[in-house]
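Residue numbers (this note's numbering): 81 to 336.
Worksheet: one structure, shown below.
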Ligand code: NAD
């Protein structure tokens, strides 16, 4: 379905971004990977799907590096047709103890990077009259949890940016939507499981059940593969009139 298209997925060396990159590649899209850590394993797993894959290690907290990765994608593949703004980090602390540099980093990576990548991707998408922008927000773009001030503020902001982008492209073949997962067992959440297990002196499995039990009625983690399937649907012709939604995949979290 996506043969000949190019997808840039930020933060795709791990977790949800990698799951979405794989799902788009399985539909034939060429992929630009981004993120820290090992890039060779992710690159090989996507190349094995028979598409072209390139990697750029831009730090998405920096405007000059975002400009560099967008220029790189254009030079490698001609255009970015699908932009998945996924790179994100978390920090958990009460507001009065929240490190100022963590606040700045979360706003830069989880929110401002999506603005910069979007502003740089839109002109070519509008010219081609086809494009898909998918913002990885969170159920925390819809509701809050204590001790996650920067994350909740950034994700609510990302849902707002999604709506504005959708309005500014509403009469074109470009759509913009947000995905709002609940718990997904990636390194970002494993850190929170580990912290709970250590704080309460319980096992990893018990900490996972506690985490799910607090928020997610289905008592199941959403998987990167399920999120990849939703991203593929957003890229399909059937999704052309889905514009500006914040689509939760959260096991009932926000229904409460
Ligand atoms: P992860 O830690 O597994 O992956 C994050 C990715 O972002 C990695 O590839 C990492 O290298 C990259 N990254 C981090 N800082 C970066 C930077 N400055 N520049 C470029 N890349 C950077 O996390 P994940 O759980 O897969 O999270 C992906 C997205 O999904 C995030 O935006 C997160 O907020 C969101 N999300 C996650 C969950 C969850 O439960 N895991 C739930 C809702 C939303």
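Using N, Cα and C, we set each Cβ at its ideal position, and we do this for glycine too.
Residue burial classification, residue i (beta-carbon count within 10 angstroms, cutoff 16)
i: residue 321; result: exposed
i: residue 180; result: exposed
i: residue 251; result: exposed
i: residue 304; result: buried
i: residue 253; result: exposed
i: residue 244; result: exposed
i: residue 122; result: buried
CB of residue i within 8 Å of CB of residue j, strictly
i: residue 238; j: residue 217; result: yes
i: residue 161; j: residue 85; result: yes
i: residue 256; j: residue 222; result: no
i: residue 112; j: residue 148; result: no
i: residue 333; j: residue 219; result: yes
i: residue 98; j: residue 87; result: no
i: residue 314; j: residue 212; result: yes
Residue i: first and last residue of the uninterrupted beta strand (DSSP E) it sits in
i: residue 212; result: 211 to 216
i: residue 259; result: 254 to 261
i: residue 88; result: 86 to 89
i: residue 134; result: 133 to 135
i: residue 165; result: 162 to 165
Chain C within 8 Å of residue i, Cβ atoms only
i: residue 256; result: Checking the listed chains, one finds no chain C in this structure; it contains a single protein chain.
Contacting residues, own chain, Cβ-Cβ under 7 Å from residue i (five flanking each side not counted)
i: residue 117; result: 93, 94
i: residue 229; result: 175, 178
i: residue 109; result: 82, 85, 86, 87, 131, 162
Cβ neighbours of residue i in the same chain (closer than 8 Å, five flanking residues each side left out)
i: residue 146; result: 138, 140, 193, 196, 197, 200
i: residue 276; result: 282, 287, 290, 291
i: residue 258; result: 214, 215, 216, 217, 221, 238, 239, 242, 325, 326, 327
i: residue 272; result: 170, 172, 291
i: residue 329; result: 259, 260, 261, 262, 302, 306, 307, 310
Where the alpha helix (DSSP H) containing residue i begins and where it ends
i: residue 327; result: Taken as a continuous stretch (DSSP letters only), residue 327 belongs to no alpha helix (DSSP H), being part of the beta strand (DSSP E) at 326 to 329.
i: residue 110; result: Counting along the chain, residue 110 falls outside any alpha helix (DSSP H), though it belongs to the beta strand (DSSP E) covering 110 to 113.
i: residue 146; result: 143 to 157
i: residue 77; result: The shown model of the chain, from 81 to 336, leaves out residue 77, and the question about it has no answer.
i: residue 269; result: 267 to 280
Close-in-space but distant-in-sequence residues of the same chain around residue i (CB under 6 Å, 5 per side omitted)
i: residue 268; result: 170
Would you call the segment 156 to 169 and the segment 178 to 191 touching, i.e. three or more CB-CB distances under 8 Å?
yes
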